[in-house]
Structures are given as C-alpha cells and as structure tokens.
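S.K.: In this note's numbering, the protein residues as written are 4 to 642. Even glycine gets a Cβ: it sits at the ideal position worked out from N, Cα and C. Fair warning: this is a prediction, and the values are worked out from it, not measured in the lab. One structure, pasted below without further comment.
This is the structure in structure tokens:
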C-alpha cells in the first residue's frame, strides 16, 4: 500500500498507510496522520486518492508546504517525493514494507525465513498488494504518455491478468454506453459481441470470440448493483450455480468490477480463471476495483474526445454553406455583402468598407485581395489612427535621408510596399486634413512623393479603405474632404453589426469556440443552451471582436466541458434592462448630445448648432451629467 513515512528528530521512522480516499495530516489528534509538532497546523494538508493519483492539497492557507524543496500549494505525489510541512519531514512511497501483525515475544524462536511475526497468508497478501500497486503505478505512468485508447486498455488488462493470476480479462460496455448509437439489445440483458471493448488472455494475446468466455449472469449482477463481485467457485456458488453460462463454461474463479462514469455504470472489468478454485480474495478485488477506476477514466476521456470530434464535424458541415472564404454568415445582409464582394473583387475599383468596430472589416479587405487579380502581390495594412500625425506622411509615402531629424536613411512607405498589390487604409477617417489632400493626389495620379523629395514615383496599387465613423457627418463638420470621400467610396460595402445578423452570432460563436479550444488545448467542447440563448440576446457593442474575447476567456477559465452564461459574463446581471420608451428616448438623447459634444472638443455652441437646438439645452444635459438624479427618481429641468 502507498505510505507516508515520518522521520522524527529522535527515534525511528513511523509509517502511515494511505488506505482511505482522503487522508488528513496535522498536529490535531483527529487527523489520520497526527504528528505532535508545533510547526504543523491543526490540519495542515490532505492527501486525496482519485483512483489514479495521490494528490496533496493545502487545508490551512497559512501552512508552509515544500515538495522536494520547492514551495507548493498542491501537487501530484510521485514515488520517492520528500514532503516538508513546517518543521516535519515526510517521505511518500507507492510501496509499503511488510508490517508485523502481532506482538513478538522476547523468547520467540529465530525466524530463518525472514518472516518473523507473519503467517504465510499474510505474507502472500502483502506481496500480492505490493505487486498490484507496482503495476498500477507503472500503468499510471503509461496513461500520462499514451493517448490511443486501444493500446491503453490492452496494457491494463495484461497488468490485471499478471497481478491476479487470471487466465483472461475483458472490458465490456453496458447498454447505457451504446444508447446513443441505437444498437442496445432489446431485452437489456444478454451481453452482445459488439459490447466487448477489449479482451486478452494470459499469453498477452487478443481473445477472438470473447463473448463465449464470460458469464452473462455475473456481468448483469454487477451492472445492476454497481458493486464488484468475487466468485470463488462459480459451479458451487449459491447465486450463480444455476446460470446457463456458468454451467456451459464450467467457470471457477471470477472477479468483476463496475466501470462508472458520472454516477452511472457504463460497463465492467471482468477477469477469470477456470482451472483454479478460490484463486481470488478481497485484496485482489480491491486492486481490480482501482484498475476499473482507471478504465472508467480512459473510456470517459475517449467518449469526450469522440463528442468533440463529432461536434467539430457537424460544425464543419454547417459552415460549408455559410462560409465565404474566412467570413462566416448566412443572414440576408451578409449575403448581400458577399454578392457585392464577388462582383468587385476582380476589378481595380476603390472600395470603402464601413461598419461598427469589431465587425470584421479587415477580413473583408483580405478576401477582396485574395479574390482579385492582384492576389499574388502584397497585401499591406496601415492603421491611420494608430500613427502619430507627424509620422504618418512618412509611413504612407516614405522619406529621403535628411528629410527630418532622425531620417538617417532613405526608405519607401506603404504605397511603395504595396506596389503590384493592395493597400488597406484602416480607420481612414482618422487622417488629418493636410494628409487627406496628399492622399487624394496619390490616388488620382498614381504617383507619390517621398518626404523631402521632389521626384515622383509611380505606383500600381489598389486602395481599399475602412472606417467605423460616419464620414458624411465628418464632411459636414469639415473634418473630412468630400472629394477624397468620393474617390474612396466608389463602391461601399456596409458590414452590419452582430446584433442585426440573427442566428449568425451562434454560428460564429461555435466556430470561434472550436478554433480556440484546439488552440488552447481546452477540454471544453460546446455551450449550454442557456449560453447560446444569452449570446443571441446580448447586443454585443464590440461585435465579433468582443464575442471572440469572451469565448477565449471562457475557454481558459471554464472547468467544465460546456460553457455556461456565467463563463461568458452573460448571467442575469449582465442582461440589459428593458426601459420604458420615454426613458429609453431620454437616455439616447443624453448619450447622443455628449457624443457630439466630444466630437466638437467640448464646444457647446458648435454642438448646439450641429444639433439644431438652443445652447441652453446643451447646458441642461451637462448639468444632469454632473448631478445625476438620486436612485428612485429623475430630476426635472426646473429642479
């Protein structure tokens, strides 16, 4: 049995056997491992056995824990680990030394066989347990390095047969495990051939006709009760001697343990030896039950992986008719986008892509380039809002050496880099007015001038621009040139916000989940119906970018196999409130006034002129912003 060994400052070491699912360690007498040391907390740590590994976890958050000299809060224990708790030194071992079972008298005769204090049965039991746990430890190491299910199950059966002395071992799946496939037996009793998942004999060979070597009645008993069964001599056993399969096969020693998953029996681990009666005992049944827990874990992981693959295949099939290149969508507004995109892609006509932030404007631009005659040329992106005003001309057109401080060498700009391909001007509405004039000339004449140079350079490019601003409003406000707008906006492609795309949001969410689950190595393979409903209900002001970030966060933090609304921060508290129409109208007006005020750099008179209202109206909104109404009521303008 696995043990913890304590090395006190004085005296010999003391051994504690880890025979329980949870073993507590501390100075209090109620602990399983009670060590009288002031350096320990009342209950310092606990050791948990999950059927495969022994895991040490903190109980007292102030407690000091070192594993092999390194600070830990929790860790999987490995044979030979040194554990330091405060000032107490412990060692973990997978294998216990034989223990004495009774007091030894002073006048006992010498024991030449080296089994002083043991009888033959107790020595045999200890050796069997030791061999069983050695095999279990070896198999646990293999489980962490192998992912293919069939070799794992075969290796496990070989280990079980070797430890128990059985002639054969089988893993059978119960009716519940086949329910989703629709091939369960009609009467739910007799095991069928397709239920055998793995079968091995003592020669480490696969058993061809596995259904002909097992007892249906014993298997059925374990499946119905969910408890392991041990039969010393099936032909004389009161419960099974009348079974047709027992009589036909002339069975002798049999052990059978359930394979459980999420509280339900999914199958059994069955071993037998028809030549020897009374071969198996309770200790071997305990070892078999632990191996059955291992098999349950393997099968559960395999089923989870199969479900993930099935979901991925289903998603790929769904996306086949709803994908346009890298763009996903099937709503009428997106189909119109795809129609336009396909028509203009093969021309050199200028395209302006508009829409809210996060709607995927760069994806559209890349798809335009990919489907154009310039696909073999470069695709160059420049974010006009992310470059300082004093550098953007150099970024666009390049500069010559000495043109300004720091220009130590001549270099080309984005226009030159995009020669023969496509130049994507993202956030073109952020360009300063003086640069708009130069950009217009470059687009009209297809020539550029480097900063500090008077020599024109010809460029052969196609320009695609994008903005989330309403450029018509900027033209009226004098912030954007009308002639440049018409030069860029030969064809306009408007991307609708996610909230207006209906079921597209669910298709996109599933595609993002599948993509990033594989990227992050996450065990998540889907979303709950509540999560899907919350996704569809949310307005997503940040559109696809916001949805993608929420899904990434959920994949990293979610501990379950399905994402919930809470994982996406879309619980009840996150749902937007439904306001009365008058209140909603007032809220919209307030936000709109403040937005226009911000566009006008706080100029209240200009804002009032743009909105066609009296300047005093702007003052009233500002007063309300500075002095919000108390909870439960709204101030009037006269208050």
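Looking at the structure shown, is residue 351 part of a helix, part of a strand, or coil, going by DSSP?
M.R.: coil
S.K.: Select from 464, 427, 409, 355 the residue whose C-alpha is nearest the C-alpha of residue 496.
M.R.: 355
S.K.: Can you say whether residue 434 is buried or exposed, counting buried as having 16 or more other CB atoms within 10 angstroms of its CB?
M.R.: buried
S.K.: Would you tell me roughly how many angstroms separate the C-alpha atoms of residue 161 and residue 172, rounded to the nearest one?
M.R.: Distance between the alpha carbons of residue 161 and residue 172: 8 Å.
S.K.: What span of residues does the beta strand (DSSP E) with residue 532 cover, start to end?
M.R.: From DSSP, residue 532 is part of no beta strand (DSSP E) but of the alpha helix (DSSP H) over 532 to 540.
S.K.: Check this for me: beta carbons of residue 426 and residue 466, under 8 Å apart or not?
M.R.: yes
S.K.: Are there three or more Cβ pairs, one per stretch, closer than 8 Å when the segment 372 to 384 is compared with the segment 411 to 429?
M.R.: yes
S.K.: Would the beta-carbon of residue 76 fall within 8 Å of that of residue 92?
M.R.: no
S.K.: Name, in chain order, the residues that DSSP records as bridge partners for residue 470.
M.R.: 357
S.K.: If you measure between the beta carbons of residue 280 and residue 236, is that distance less than 8 Å?
M.R.: yes
S.K.: Go ahead and pull the three-state DSSP assignment for residue 434.
M.R.: coil
S.K.: Is the segment 529 to 545 touching the segment 500 to 512, taking contact as three or more C-beta pairs under 8 Å?
M.R.: yes
S.K.: Please state if the CB of residue 30 and the CB of residue 20 are separated by a distance shorter than 8 Å.
M.R.: Taking a C-beta distance under 8 Å as the contact criterion, residue 20 and residue 30 do not qualify as a contact pair.
S.K.: Quick check: the Cα distance between residue 1 and residue 300, rounded to an integer number of angstroms?
M.R.: The chain is shown only over 4 to 642; residue 1 falls outside these bounds and no answer can be derived.
S.K.: Where do the ends of the alpha helix (DSSP H) carrying residue 159 lie?
M.R.: 152 to 167
S.K.: Around the C-beta of residue 41, are 16 or more other C-beta atoms found within 10 angstroms, so that it is buried, or is it exposed?
M.R.: Burial state of residue 41 is exposed, judged by a 10 Å Cβ sphere holding fewer than 16 other Cβ atoms.
S.K.: For residue 394 versus residue 371, is the C-beta distance shorter than 8 Å?
M.R.: no
S.K.: I'd like the list of long-range same chain contacts for residue 491, defined as Cβ closer than 6 Å, with 5 residues on each side in sequence excluded.
M.R.: 353, 355, 468
S.K.: At 4 residues or longer, what runs of the alpha helix (DSSP H) sit wholly inside the segment 462 to 533?
M.R.: 474 to 479, 485 to 491, 507 to 523
S.K.: Exposed or buried, which one is residue 587 when buried takes at least 16 other CB atoms within 10 Å?
M.R.: exposed
S.K.: Going by CA-CA distance only, name the one from 264, 401, 254 that's closest to residue 415.
M.R.: 401
S.K.: Return the first residue and the last residue of the beta strand (DSSP E) that residue 452 is part of.
M.R.: 450 to 452
S.K.: Per DSSP, residue 543 forms a beta bridge with which residues?
M.R.: Bridge partners of residue 543: none, in fact.
S.K.: Restricting to Cα atoms, I'd like to know which of 85, 413, 331 is closest to residue 70.
M.R.: Answer by Cα proximity: 85.
S.K.: Suppose you measure from the CA of residue 263 to the CA of residue 289; what does that come to, to the nearest Å?
M.R.: 15 Å
S.K.: Taking all protein chains shown into account, do 16 or more other C-beta atoms lie within 10 angstroms of the C-beta of residue 3, making it buried, or fewer, making it exposed?
M.R.: In the structure displayed, the chain extends from 4 to 642; residue 3 sits before or after that span and is not available.
S.K.: Tell me whether residue 10 sits in a helix, a strand or coil according to DSSP, three-state version.
M.R.: Correct three-state label for residue 10: coil.
S.K.: By Cβ distance, which residues of its chain are closer than 6 Å to residue 504, with the 5 residues on each side in sequence left out?
M.R.: By the criterion of a C-beta distance shorter than 6 Å, residue 504 is surrounded in its chain by 334, once the five residues flanking it on both sides are discounted.
S.K.: By the DSSP assignment, the alpha helix (DSSP H) with residue 647 in it spans what residues?
M.R.: Absent from the structure is residue 647, since the part of the chain shown begins at 4 and ends at 642.
S.K.: Ordered along the chain, which non-local residues of its own chain (more than five positions away) have a Cβ less than 7 Å from that of residue 487?
M.R.: By the criterion of a C-beta distance shorter than 7 Å, residue 487 is surrounded in its chain by 439, 442, 443, once the five residues flanking it on both sides are discounted.
S.K.: Expressed to the nearest angstrom, what Euclidean distance is found between the alpha-carbon atoms of residue 411 and residue 397?
M.R.: 13 Å
S.K.: What residues match up with residue 274 in a beta bridge as DSSP calls it?
M.R.: 172, 258
S.K.: The alpha helix (DSSP H) with residue 367 in it runs from where to where?
M.R.: 364 to 373
S.K.: With distance defined between alpha-carbon atoms, name the residue in 223, 238, 340 nearest to residue 270.
M.R.: Nearest C-alpha to residue 270: 223.
S.K.: Per DSSP, residue 429 is paired with what?
M.R.: According to DSSP, which records beta bridges pairwise, residue 429 is partnered with 386, 469.
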